[in-house]
Amino acid sequence: MKTVFGLLILCLVHNAYGFSTDRFKRIVGGSTSEHPYPYQVSLRYLNSTLHFCGGAIISKNYIITAAHCLKFQPSDVFVTVGSNDLLTPSAIYQATSFIIHPSYDEYTNDIGLIYVMQDIEFNENVRPIALASADYTYNDYPLLVTGWGQLETEGPYPNYLQEIRVKVYSQIMCNYYYENIIANTQICTLTVQGEGMCVGDSGSPLIDNDVLIGIVSFGMPPCGSGFPDVYTRVFYYRPWIYFYARI
1 MKTVFGLLIL CLVHNAYGFS TDRFKRIVGG STSEHPYPYQ VSLRYLNSTL
51 HFCGGAIISK NYIITAAHCL KFQPSDVFVT VGSNDLLTPS AIYQATSFII
101 HPSYDEYTND IGLIYVMQDI EFNENVRPIA LASADYTYND YPLLVTGWGQ
151 LETEGPYPNY LQEIRVKVYS QIMCNYYYEN IIANTQICTL TVQGEGMCVG
201 DSGSPLIDND VLIGIVSFGM PPCGSGFPDV YTRVFYYRPW IYFYARI
């Protein structure tokens with residue numbers, strides 16, 4: 001049955017200090033990551049332990065994330081790197097400025113860059129991720145998502161990074177659920193009921209063999225509802241990313 005769309009979209013951001021749970025997600029039904037993901041970052045508010053979004057390192061000075069995560073003043077946002085444990089990051093960097101895609105609206109072009117003036121120090125636990133270099137459809141192809149989002153709707157946040165295998169869902173079927181708002185610049189995944197993205201997962205990477213395919217954008221509540229999750233398709237934004245990040 002086609003869903004009633006309207007205001008039901010779940011934006012996957014942690015609800016604290018005035019930002020809406022409607023847009024920020026965590027992984028439901030996943031497992032604790034045993035594998036290191038050295039490009040994975042946590043975005044924190046005011047250098048606290050409050051995680052509100054994910055992101056990925058793409059260069060020594062740039063983090064890629066969802067545009068809807070960048071609602072604060074840059075000076076209020078800190079990027080933690082180098083650990084799957086939220087409580088023990090190897091380094092913390094203060095954001096200097098944000099670059100939000102000029103065509104970003106509530107549901108499309110949900111991509112942004114965080115510039116940190118201090119060079120991110122690379123090592124075996126901290127390094128950039130490669131960007132998708134080809135426009136594959138990936139239909140029915142399994143990809144991986146990692147994040148620190150809630151484990152269930154209004155549930156606890158994990159201290160340790162979670163991961164889940166998801167299968168790419170066809171654009172036609174995804175538009176059936178989302179009433180034809182899904183563009184070619186987006187990619188959808190579908191899991192069984194009880195699995196998927198949740199609050200705190202926004203901005204986190206959708207990957208294939210350590211290549212960045214997508215960025216967590218939005219889904220349909222409640223978390224793990226069985227509806228498709230939607231991501232920004234990174235390949236389409238490579239020229240924009242390269243122009244600003246110069247990678």
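Residue 7 in full-length UniProt numbering sits at position 7 of the sequence shown; the count goes up by one each step and never skips. Glycine included, C-beta positions come from ideal geometry on N, C-alpha and C. Here the structure is a predicted model, which is why all the values come from computation and not from measurement.
- The closest CA to that of Y237, considering only P36, C223, Y176 and A66, is found on A66.
- For R238, the uninterrupted alpha helix (DSSP H) run begins and ends at R238 to A245, by DSSP.
- Put simply, the stretch 163 to 180 touches the stretch 140 to 150. At least three CB pairs are less than 8 Å apart.
- For Q171, the enclosing alpha helix (DSSP H) begins and ends at Q171 to Y177.
- Under the three-state reduction of DSSP, D76 is assigned to helix.
- The criterion of a C-beta distance shorter than 8 Å is not satisfied by Y160 and H51.
- Taking C-alpha positions only, T49 is separated from L87 by approximately 7 Å.
- Listed as beta-bridge partners of Y138 by DSSP are no residues whatsoever.
- A183 and V230 have their C-alpha atoms spaced approximately 10 Å apart.
- Sixteen is the threshold: when 16 or more other Cβ atoms of the shown chains lie within 10 Å of the Cβ of D110, as they do, the residue is buried.
- The distance from the Cβ of I187 to that of G214 is about 5 Å, consistent with a contact at the 8 Å cut-off.
- Going by DSSP, H51 is part of the beta strand (DSSP E) stretching over H51 to I57.
- For F218, the three-state secondary structure derived from DSSP is strand.
- Restricting attention to beta strand (DSSP E) runs no shorter than 3 residues, the stretch 87 to 157 encloses them at 91 to 94, 97 to 100, 112 to 115 and 142 to 147, ordered along the chain.
- In the three-state DSSP reduction, C188 falls in the strand class (E or B).
- The straight-line gap separating the alpha-carbon atoms of H35 and N125 is approximately 11 Å.
- When only Cα atoms are considered, M117 and D105 end up about 27 Å apart.
- Excluding five sequence positions before and after I181, the CB atoms of its chain that fall closer than 7 Å to its own CB belong to Y107, given in chain order.
- For D208, the enclosing beta strand (DSSP E) covers residues P205 to D208.
- Our two residues, S90 and A134, have alpha carbons roughly 33 Å apart in a direct line.
- Looking at the DSSP output, Q162 bridges to T32 and G147.
- DSSP lists A91 as the beta-bridge partner residues of V81.
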